[in-house]
Ligand SMILES: Cc1cc2nc3c(=O)[nH]c(=O)nc-3n(C[C@H](O)[C@H](O)[C@H](O)COP(=O)(O)O)c2cc1C
């Protein structure tokens, strides 16, 4: 209460003191103070904003650089300035970080002396390494730092500033030798010593902006959150925790910490001087939000790549939608460490099995009836033999591919899997983020535990939406329309589910009937207290897209188990043609195993077919997807994309599928097992494993790019 009151009191005093009325603000030039040298990222952004504000408010907004002491000098100067709204601070989060780290030694209070106006830009920090170090991930770096405490060199271009702090951590409790960032020795001049690693701000003004952007998009660059390190999308001290941001932005009593704009944790915050007038603050606050969109549009390189830019665009498209708090897909250190010791997808499956109650694990792992098709999917991959080429010069491998007419870093897309929030809180968001980070498309299931809007807002990357056709046709159309509004690139219609398959593991575990607690499943759940605790902490997952589907059903499990009765068993070719006509973007049809049907789909203007038997979960006895692939490829003769799923567990499986004519493969359980083992970090680990295996398989097969994989690689 006190904090909010003190700001408002200062505002009132200022108005009573007879300053210029809020209506006429700004009546004279406004100074924007920057605590860093001219030409640095904060300065460049401040100047662009100042130019825009000058144009829109008709008064000069002048940038003054007062560098030094990680912006403390400028910050203190603004804190001491007249509280009239004519001296603004344009700052990074150093405003808060300095006050926290140097408590008692800075002469300002970030909360009492400043009122944040807007988030102006998001600047990811990129850690770059010399190829000689062989450090390819944050985990590698931590392992090395642990092994050689104090020996690793890190080059920074500013001593004691944000970049150095973010790598060193400077967090309470960081000890030498614990593998924490304090084990890094910091060099202050990268020109004089050859650095082991370095860090750059990805910005318009960064000296290595181009290189940093290339790195941040590159196959080897990953968000550190996906490696299981806290901090998610920003590094170390720069990231304000989500809880913190939420707490402060929701409570008017803590109004000073309100961050407008994108609502992200990281980035640059502009504050206005102490005792600003509410009217002034309001006016300034409104302008940047409006102008920032122009800023983003005109200066593309100020926006972060990938998921964030995609998400912000989508947010505009769906601004009317309710915006629930950002979901967290948390991971404990232990789980993150465990998945790093998983060497293949089978290891991730074991970890998932150990963590989940049997009913949940079987729901994911199981298939229909005798599970013959499930086994056949794997067997089909295992039967294919390759005839590798040699002496091909395979030091450099390009795994990128065109999937559905757009670039993907791997010839892989993540397929739709419903209900996976049962396996890990907000697993859908975690898997989608992992896919975005890996640079591959992600498909959101109708039956996902995250809504169309949530994924668009929180994941980014290339998004496809998978639709089931319900008897309540309006419901399906409503979902498809939401996917269109929220910018989903493609619609995937699954056609192999006229009714649910007979999944007997679910019956046995009391999962496929109306969910109820029975002696068997109570014991089962009690045997996995970690899972139970996570459900208690995060709540039961909801099938957010179909929450209205069964109003009489009381829980997700009830809907999930009874959902077959809602599918439209009468859906036919005419219905599909109408859906094609009503959807303006790319459309895939999933669940095709026959060449004649694929050919007919090509005639309907469908862009891609997913050769699939639903991972063996529908018709037991259906042909293995990989076996069905070659005749389908021959039938469509390049008129449409052909993807295949079912049993992909190894990187070499991707090579085999491509050699048999697929454009790419889709994943089902592979990322699902990872997510059940460790949320986003686990899904990311699954993708990392598959990518590494793919690269190695390509090298050992003597192909340098995906385009070189062809039928001549097949031995049988
Ligand atoms: C737990 C689970 C849920 C699934 N949910 C969906 C779904 O909602 N929509 C869909 O089209 N396919 C769904 N599938 C099928 C997958 O998209 C994919 O076809 C299959 O998992 C591929 O086989 P694989 O898991 O052996 O790789 C699901 C599969 C699993 C294992």
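In the numbering used here, the protein residues as written are 2 to 717.
By construction, the Cβ of each residue, glycine as well, lies at the ideal position given by its N, Cα and C atoms.
No experiment lies behind these values; they were computed from the predicted model shown.
Near ligand 1: residue i beta-carbon under 7 Å from a heavy atom
i           : result
residue 417 : yes
residue 378 : yes
residue 354 : no
residue 658 : no
residue 471 : no
residue 691 : no
residue 655 : no
residue 507 : no
residue 591 : yes
residue 695 : no
residue 544 : no
residue 446 : yes
residue 618 : yes
Where residue i falls: helix, strand or coil (DSSP)
i           : result
residue 32  : strand
residue 382 : helix
residue 371 : coil
residue 119 : strand
residue 568 : strand
residue 606 : coil
residue 526 : helix
residue 407 : strand
residue 349 : helix
residue 714 : helix
residue 91  : strand
residue 416 : coil
residue 707 : helix
residue 590 : strand
residue 341 : helix
residue 154 : strand
residue 743 : This structure gives no information on residue 743, because the portion of the chain shown stretches from 2 to 717.
residue 534 : helix
residue 612 : strand
residue 96  : helix
residue 387 : strand
residue 103 : coil
residue 539 : helix
residue 335 : helix
residue 395 : coil
residue 520 : helix
residue 544 : coil
From the options, residue whose alpha carbon lies closest to that of residue i
i           : options            : result
residue 711 : 655, 672, 640      : 655
residue 108 : 90, 94, 79         : 79
residue 621 : 341, 455, 431, 377 : 377
residue 450 : 362, 425, 471, 439 : 425
residue 41  : 31, 72, 625        : 72
residue 421 : 632, 542, 143, 689 : 542
residue 479 : 55, 606, 447       : 447
residue 691 : 680, 702, 666, 627 : 666
residue 663 : 154, 91, 405, 699  : 405
residue 97  : 91, 81, 111        : 111
residue 429 : 486, 499, 147, 417 : 417
residue 567 : 469, 701, 680, 407 : 469
residue 37  : 70, 30, 25         : 70
residue 455 : 476, 474, 431      : 431
residue 486 : 437, 584, 540      : 584
Cβ neighbours of residue i in the same chain (closer than 7 Å, five flanking residues each side left out)
i           : result
residue 628 : 381
residue 389 : 701, 702, 703
Same chain only: Cβ atoms within 6 Å of residue i, ignoring 5 sequence neighbours per side
i           : result
residue 48  : 64
residue 399 : 706
residue 713 : none
residue 51  : 33, 62, 64
residue 788 : Summary: the structure shown does not reach residue 788, with the chain confined to residues 2 through 717, and so no result is reported for it.
residue 582 : none
residue 463 : 442, 490
residue 652 : 691, 694, 695, 698
Sequence-distant residues of its chain with Cβ nearer than 8 Å to residue i (five each side left out)
i           : result
residue 372 : 617, 621
Beta strand (DSSP E) runs wholly inside the stretch 621-704, at least 3 long, in chain order: 642-646, 665-668
Every unbroken beta strand (DSSP E) within the stretch 438-513, with a cutoff of 3 residues, ordered by chain: 443-446, 464-468, 491-495
Ordered list of alpha helix (DSSP H) runs contained in the stretch 43-84, each at least 4 residues: 73-81
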